[in-house]
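Chains as they are written, first to last, in this note's numbering: chain A, 1 to 142; chain B, 1001 to 1124; chain C, 2001 to 2286.
All residues carry an ideal CB built from backbone N, CA and C; glycine is no exception.
Report on the structure given below.
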Amino acid sequence: MSLDEVTRLEIGSDVQIAGARQAVREAAVAAGFSLVEQTKIVTAASELARNTLVHGGGGHMELAVVENSGGRAIRLTFTDDGPGIPDVDAALSDGYSTGNGLGLGLGGARRLVQEFTIDSRPGGGTTVTAVAWSRTAQRVPR
Amino acid sequence: MTADAGAGRVSVLRMGEILIAAIQQELTDESALALQSDLTEMAAAGARGVVIEISGVEIVDSFLARVLSEIAAATNMLAGRTVVAGMRPSVAITLVEMGLSLRGLETARSLEDAMALFQGQAGR
Amino acid sequence: MTSVDSDGSGAATVAQVLETRGEQVAQQWADLPLFRNVYTTGRDAAVAAAHRLVQVLAEVARHERLDDTSAPGFERVRPHLAQMVTGRTRSGATLQQITAEVADLKRPVLEIVAREPGGADGAVPLATVELMGTLRVVVMEIALSEGAEIIDRQRQQLLELSTPVIKLWDRVVAVPLIGTLDSARTQVVMETLLQAIVDQNADMAILDITGVPMVDTVVAQYLLKTAMAVRLMGAECVISGIRPQIAQTIVQLGIDLGDISTRATLADALGWALEKAGVSVVVGQG
């Protein structure tokens, strides 16, 4: 995909979670991310897509490649109209990784990206935005 | 016997009392769960160990990590061992970055090394 | 002194001249060092590039504030300016030289503007100088950010060079860490070490911290992360070079190294690895 384009994918099944991973991988490769950087952003996408499906009841992902003088980044936005997250701090806490937590996958995803915001209201849906910057992607003259 | 659900197809081979599942490609959640169910069933039917070979896997997220841990827990209960072999560097880095160290999961560099573990050598 | 763009006439005249005499300006610019040194393959390319820049300047003079470095026109031509800056930098030009060359572009424009009706009127040369000054600032910004990128890349290369992974024996690799461990360094160490484990077909890795001056909770976390990643791959990891003071600090901070092996010296760690590999060292009689 070219820069400045936003791709929108529906997240309504586990096959679509896999589809989201694939789309993010392709964008990361095209944007010049290193292998480890690709792996991190694709894994984060997988976590967030699953959260959208399992806890949000389904929704969509928007994918954009961003570029400025600071370099290149991939921005992912996951939106659902689900029940929302009552306690965002708890959802991000480490209780998740031992399996005792809500299992929302948010804490892990947050550690893989550089910018991470959650906008959620109980009963009002959830929007999660994650941005991963690349240290290796070179700015290419258009 | 194969675990085939949706996009992913994982062949499970049996070598003596060891089950070997080589995951060749990315799995959907459904196929991961199918693999878990099949391996657990086969282990209960009489296998002493399971090797899950993941050198072909580029992404291991928390879901797949949990499935792997659960397979290991199940085989342990059935008096066996599960070894995850061939994890890629980028996958290992991403898992520890997420805070998932999967302690308690045995690992090996390759299928060959994993099989050696079952041949009487001391486990790690 | 009133700003030339607020009364409008200076800027409008400059825009007019650049629009009508653009080709002329371009022809003159093509012979100046900045374009000549970049477009070495042919003068036509230089003229075309120069003309493109003239058109952007005309646009800025026509529609924007003369001192606006973020005018859309400059954004559009930024990649081309960046290419020119990179080209000049590669040939060894300094930032000073590049900005001086951009400043030189001013003279032909002033001369051509002066010959136009109304061109000698006070506000017009001032507007020209202001516009060309803005271009110079834009190029400086670009050069600085390109420079920052180069420094960044070199820093990355330095990080990689200073993290050599050594194959100590069949199946055994070691990383002697020297200096402070920060987040970026840890990333490089992890990636380099894990890749070496694959490349050298190793199943034992030694992380030697003899050269790490200070270990606090953060550094310990970095070491743990690296060791955990090595283990996930199916290799074993031992941390060596733990000086008595460091051991004390680790205990005092309550850091739990879990089941990660540790040894006081790199030599001890090598001994551990050889033993695991079933290798025994015999001292010869000769």
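As a quick exercise: from the options, pick the residue whose alpha carbon is nearest that of residue i.
{"i": "C:G2179", "options": "C:I2197, C:L2057 and C:L2159", "result": "C:L2159"}
{"i": "A:G32", "options": "A:G59, A:V15 and A:G71", "result": "A:G71"}
{"i": "C:G2278", "options": "C:I2246, C:D2170 and C:L2207", "result": "C:D2170"}
{"i": "C:T2094", "options": "C:A2235, C:M2140, C:E2191 and C:Y2039", "result": "C:M2140"}
{"i": "C:L2018", "options": "C:Q2245, C:E2116 and C:L2207", "result": "C:E2116"}
{"i": "B:D1061", "options": "B:M1042, B:V1091, B:E1017 and B:M1115", "result": "B:V1091"}
{"i": "C:E2023", "options": "C:V2109, C:A2196, C:Q2245 and C:G2211", "result": "C:V2109"}
{"i": "C:R2090", "options": "C:T2262, C:E2146, C:L2224 and C:E2275", "result": "C:E2146"}
{"i": "C:D2068", "options": "C:Q2248, C:V2172 and C:M2132", "result": "C:M2132"}
{"i": "A:T43", "options": "A:A90, A:G58, A:P83 and A:G107", "result": "A:G107"}
{"i": "A:E5", "options": "A:V88, A:T39 and A:L76", "result": "A:L76"}
{"i": "C:D2199", "options": "B:L1100, B:R1088 and B:I1093", "result": "B:R1088"}
{"i": "B:S1069", "options": "C:L2232, C:Q2248 and C:T2186", "result": "C:L2232"}
{"i": "C:W2029", "options": "C:V2014, C:A2045 and C:T2020", "result": "C:A2045"}
{"i": "C:V2102", "options": "C:I2112, C:E2111, C:G2092 and C:R2088", "result": "C:R2088"}
{"i": "C:C2237", "options": "C:V2025, C:A2220, C:L2224 and C:S2280", "result": "C:L2224"}
{"i": "B:R1014", "options": "B:V1051, B:Q1036 and B:Q1024", "result": "B:V1051"}
{"i": "C:G2136", "options": "C:R2153, C:A2100, C:E2149 and C:E2111", "result": "Looking at the sequence shown, residue 2136 of chain C is not Gly but Arg. Looking at the Cα atoms, C:A2100 is the closest of the given residues."}
{"i": "C:V2054", "options": "C:Q2097, C:T2262, C:V2212 and C:V2014", "result": "C:V2014"}
{"i": "B:L1159", "options": "A:A90, A:A91 and A:R111", "result": "In the structure as shown, chain B begins at 1001 and stops at 1124. Residue 1159 of chain B is therefore absent and cannot be evaluated."}
{"i": "C:Y2287", "options": "C:H2063, C:L2181, C:K2276 and C:V2175", "result": "Outside the displayed span of chain C (2001 to 2286) sits residue 2287 of chain C, for which this structure offers no information."}
{"i": "A:P83", "options": "A:S120, A:V15 and A:G19", "result": "A:S120"}
{"i": "A:G124", "options": "A:V15, A:A137, A:S13 and A:G57", "result": "A:G57"}
How about residue i: is its C-beta nearer than 7 angstroms to some C-beta of chain B?
{"i": "C:D2182", "result": "no"}
{"i": "C:D2203", "result": "yes"}
{"i": "C:L2232", "result": "yes"}
{"i": "C:Q2195", "result": "yes"}
{"i": "A:T43", "result": "yes"}
{"i": "A:V15", "result": "yes"}
{"i": "A:I11", "result": "no"}
{"i": "A:G105", "result": "yes"}
{"i": "C:K2225", "result": "yes"}
{"i": "C:A2229", "result": "yes"}
{"i": "C:A2269", "result": "no"}
{"i": "C:A2071", "result": "no"}
What distance in whole Å lies between the Cβ atoms of residue j and residue i, which are believed to be in contact at a cut-off of 8 angstroms?
{"i": "C:T2163", "j": "C:V2189", "result": "5 angstroms"}
{"i": "B:L1095", "j": "B:L1102", "result": "7 angstroms"}
{"i": "C:A2123", "j": "C:G2010", "result": "4 angstroms"}
{"i": "C:L2066", "j": "C:E2130", "result": "5 angstroms"}
{"i": "B:E1026", "j": "A:R21", "result": "7 angstroms"}
{"i": "A:L35", "j": "A:A23", "result": "About 18 angstroms; that fails the 8 angstroms criterion."}
{"i": "A:A30", "j": "A:I41", "result": "With 8 angstroms as the limit, A:A30 and A:I41 do not qualify as a contact, their Cβ atoms being about 12 angstroms apart."}
{"i": "B:G1086", "j": "B:I1054", "result": "6 angstroms"}
{"i": "A:A109", "j": "A:E37", "result": "Not a contact, Cβ separation roughly 15 angstroms."}
{"i": "B:V1067", "j": "B:A1032", "result": "5 angstroms"}
{"i": "C:L2207", "j": "C:I2239", "result": "5 angstroms"}
I want to see whether chain C comes within less than 7 angstroms of residue i, judged by CB atoms only; does it?
{"i": "A:Y96", "result": "The predicted model places A:Y96 with a pLDDT of 46, which falls under 50 and marks its position as unreliable; any figure quoted below should be read in that light. Not an interface residue."}
{"i": "B:A1092", "result": "yes"}
{"i": "B:V1096", "result": "yes"}
{"i": "A:V36", "result": "yes"}
{"i": "B:S1101", "result": "yes"}
{"i": "B:T1107", "result": "yes"}
{"i": "B:M1115", "result": "no"}
Is residue i close to chain A, meaning its C-beta is less than 7 angstroms from at least one C-beta of that chain?
{"i": "B:I1059", "result": "yes"}
{"i": "C:E2191", "result": "yes"}
{"i": "B:E1070", "result": "no"}
{"i": "B:D1029", "result": "yes"}
{"i": "B:S1062", "result": "yes"}
For residue i, does the count of other Cβ atoms within 10 angstroms reach 16, so buried, or fall short, so exposed?
{"i": "C:S2183", "result": "exposed"}
{"i": "B:M1098", "result": "buried"}
{"i": "A:N51", "result": "buried"}
{"i": "A:H55", "result": "buried"}
{"i": "B:R952", "result": "Past the boundaries of the shown model lies residue 952 of chain B; chain B is included only from 1001 to 1124, so the question cannot be answered."}
{"i": "C:G2284", "result": "exposed"}
{"i": "C:T2041", "result": "exposed"}
{"i": "A:T126", "result": "buried"}
{"i": "C:Q2245", "result": "exposed"}
{"i": "C:Q2315", "result": "Absent from the structure is residue 2315 of chain C, since the part of chain C shown begins at 2001 and ends at 2286."}
{"i": "A:P86", "result": "exposed"}
{"i": "B:T1028", "result": "buried"}
{"i": "C:G2092", "result": "exposed"}
{"i": "C:T2226", "result": "buried"}
{"i": "A:K117", "result": "It should be noted that the sequence gives Thr, not Lys, for residue 117 of chain A. Exposed, because fewer than 16 other Cβ atoms sit within 10 Å of the Cβ of A:T117."}
{"i": "C:V2085", "result": "buried"}
Inter-stretch contact (C-beta, 8 angstroms, three-pair minimum) for the segment 1030-1048 of chain B and the segment 1075-1086 of chain B: yes
Do the segment 2047-2062 of chain C and the segment 2071-2084 of chain C touch if we need at least three Cβ pairs shorter than 8 angstroms? yes
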